[in-house]
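Enquirer: In our numbering, each residue's number is its place in the sequence shown (first place is 1) plus 3.
Quick reminder that beta carbons are idealized off the backbone N, C-alpha and C, glycines included.
Given the structure is predicted, the values throughout are model-derived calculations rather than measurements.
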Amino acid sequence: MSKNKESEEYNKHFSNVAKQTSINFIGRIAQLVFSFVTSILLARVLGPGLLGQYNLGNTVANFTANFTKIGFDQGLVRFIPLYKTNNKPGKIKYLVIFSFLISAILSILIGSIFYFYSDFLALKLFNDIEMSGVLKITSVLIFVFTYYRLSISVLKGIKRVDFFTIISSIVVPITFLLSLLILRQADVYTVISARMISYVIGITMTIIFVLKKEKIMIGEIKKINLKEYFGFSSPLLFIGLLYFLISHIDILMIGHFLESADVGVYSVAVRIAGMAVFLLSASNTIFGPTISELTEKKQFNTLERLLKSISKIIFAFSLNFLLFVIIYNQEILTVFGKEYLVGGVVLMILTFGQFINASVGPTGTILIMSGKQKFEVFNSIAICIMNTILNLILIPRLGILGAAIATTSSIIIINIFKVLEVFILYKFHPYKKSFLKLILFSMVSGIVIFLCRDLNIHYITKLLLAVTFSMLINFGLIYKYGLEEDDQFILDKIINKFK
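1) Could you check what DSSP says for F431 in three-state terms: helix, strand or coil?
2) Taking all protein chains shown into account, decide if R330 is buried (16 or more other Cβ within 10 angstroms of its Cβ) or exposed.
3) Among L112, K162, L370, I132, which residue has its Cα nearest to the Cα of T298?
4) Using the beta-carbon count (16 or more within 10 Å), is P399 buried or exposed?
5) Considering just the uninterrupted stretch of the alpha helix (DSSP H) at L214, what are its terminal residues?
6) Tell me the residue span of the alpha helix (DSSP H) that contains M278.
7) Spatial neighbours of L283 within its chain, please: CB distance less than 6 angstroms, with the 5 preceding and 5 following residues excluded, ordered by chain position.
8) Would you verify that the beta carbon of N459 is, or is not, closer than 8 angstroms to some beta carbon of chain D?
9) Between K225 and K91, is the Cβ-Cβ spacing less than 8 angstroms?
10) From K216 to T207, what does the alpha carbon distance come to, in whole angstroms?
11) Rounded C-beta distance between T368 and N287? I'm assuming under 8 angstroms.
12) Tell me which residues share the same chain as S473 and place their Cβ nearer than 7 angstroms to its Cβ, disregarding the 5 neighbours each side in the sequence.
13) So, with DSSP's three-state summary, where would you put K3?
14) Quick check on the burial criterion: 16 or more other C-beta atoms within 10 angstroms. Buried or exposed for G234?
15) In or out: N543 buried (at least 16 other Cβ within 10 Å) or exposed?
16) Alpha carbons only, please: which of Y462, L443, C455 is nearest the one belonging to I335?
17) Rounded to a whole number of angstroms, what is the C-alpha to C-alpha distance between S270 and L85?
18) Select from K377, L59, T337 the residue whose C-alpha is nearest the C-alpha of L466.
19) Buried or exposed, going by whether 16 or more other CB atoms sit within 10 Å of the CB of T71?
20) Which value, in whole angstroms, describes the spacing of the CA atoms of F37 and R152?
21) Rounded to whole angstroms, what is the Cα-Cα separation between F119 and M256?
22) Considering just the uninterrupted stretch of the alpha helix (DSSP H) at L379, what are its terminal residues?
23) With distances taken between CB atoms, is the gap from R198 to L144 smaller than 8 angstroms?
24) Tell me which residue opens and which closes the alpha helix (DSSP H) that G1 is part of.
25) Quick check on D265: buried or exposed, where buried means 16 or more other Cβ atoms within 10 Å of its Cβ?
26) I'd like to know if the segment 406-417 and the segment 390-398 are in contact, where contact means that at least 3 CB-CB pairs between them fall below 8 angstroms.
27) Go ahead and pull the three-state DSSP assignment for E424.
28) Among L397, A272, A279, whose alpha-carbon lies nearest the alpha-carbon of V345?
29) Is the beta carbon of P365 closer than 8 angstroms to that of I313?
30) Hey, could you find the ends of the alpha helix (DSSP H) L79 is sitting in?
31) With distances taken Cα to Cα, identify the nearest neighbour of G78 among E307, F420, E231.
32) Is P51 helix, strand or coil by DSSP?
33) If you drop the 5 nearest sequence neighbours on each side, which residues of the same chain put their C-beta closer than 8 angstroms to that of P176?
34) Taking its Cβ as the centre, do 16 or more other Cβ atoms sit within 10 Å of L229, making it buried, or is it exposed?
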């Protein structure tokens, strides 16, 4: 492909990425803000012990929902647009009703087990009889989680990214926060009830929107090919479980080996460290369809340019966040409460792991969307086994510090594999020489915000001042000395779309 043609392709594809970014990014920022405020409120009101119980109940419900939706959430995303394109609303109606009905039956059956055998499960899983009541209310949460995931999958299927973003990133987080403020009770049952209220509102709004605006549930029901539907959906159940275990196995094992208070401290550290991959998560959502199209057309030079440019943005953000956490981990944890200060080292280790995860860019998405999903399945199985073994060895010996070391070690190893796999398959990697400039810029801002620690001011003011200096210094240096032609094009497009 000629240079001019390649540039045209690059401009076309990133223009589309920028368009999606403006919607998705605003929604994700809103979700991040509301979720972070809610996390601080919960940590302060509940304390480490009750927060740990809440997170264990939430984790159990999420894990179980992976079984009860049996991959139908992905099936709806795949088959709704297919039937819509072929003008077959009757099949869409059958598809939606069948998916919701089967998942409801499974949710009720599994939820009943949690309800009637809550004492047994509380002792066997967590060695804590106080978890019995949490598991009872969790039995209802399983049903709500399942229906919420299916309902937002319908929105994805009809390609309403705008309304999906409004529901998942704004409505649900706001209603959860407001429900907590209205109920005003500091117990785990109230918090779980508030969580259910927020999801029920999200489900209700989605159903009303789909029925009244999209009109995909009209006409006579027409049967679909269930073998084809299950054939697509069922394998995704396995992949979904793997992804869940990768991100939650440490929480579950801490709950089994240690106290609920340890779960509470660790979960706060996980929440903060997860912010390092904020831009990576956004790029995976936006970048996926573009990767699929470029690999289908075998436009690998354009794909490489996009990967390097996006990875550069993600790297700059995650590196500065890591430095901020290293310097101000105690002040950050104090925002949640002084009981969480014991998690300072754990927070630094987990954030370093997430920095490594972010610094390789959307390599995992490239493997999946380019038809090499078998590599990503292997990666998922490998990290799941590795993380489980390391947690089994390290948690009984080192407590939550062992869990952080196990999780971070697994993340580092598997991301090295991802970079190598992409390089072997497509002969490119996410990095540029200009990454060295980003490291230098981050060191400069790191020195400045480190000096801010000596200021005799309130810790909240100190944190805000450090964040402001870090952003101004980095943005200024990158804008003046760090932008290349591709980077400038990306920045201009995103700014224009926001306008």
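Expert: Quick answer:
1) Here DSSP, grouped into helix, strand and coil, assigns F431 to coil.
2) Looking at the sequence shown, residue 330 is not Arg but Ile. Buried, by the Cβ-count rule.
3) L370
4) Exposed: under 16 other Cβ atoms inside 10 Å.
5) Here L214 belongs to no alpha helix (DSSP H), and DSSP marks it neither H nor E.
6) Neither: M278 is in no alpha helix (DSSP H) and is coded neither H nor E.
7) Excluding the 5 residues flanking it on each side, L283 has same chain C-beta neighbours closer than 6 angstroms at I317, A361, in chain order.
8) In summary, chain D is missing from the structure at hand, where a single protein chain is found.
9) Contact: yes.
10) 14 angstroms
11) Indeed, because the Cβ distance is near 5 angstroms, the residues count as touching under 8 angstroms.
12) Correct list, in chain order: N323, F327, S448, I452.
13) Examination of residue 3 is not possible in this model, given that the chain is present from 4 through 502 alone.
14) exposed
15) It is not possible to answer for residue 543, since the shown part of the chain is limited to 4 through 502.
16) Y462
17) 40 angstroms
18) T337
19) buried
20) 20 angstroms
21) As the crow flies, the alpha-carbon of F119 is around 23 angstroms from that of M256.
22) Just to set this straight, residue 379 is Glu in the shown sequence, not Leu. That run of the alpha helix (DSSP H) goes 376-401.
23) yes
24) Residue 1 falls outside the range modelled here, since the chain spans only 4 to 502, and no answer is possible.
25) buried
26) yes
27) If DSSP states are grouped into helix, strand and coil, E424 belongs with the helices.
28) A272
29) yes
30) 75-88
31) E231
32) helix
33) A33, Q34, F37, S38, T41, S201
34) exposed
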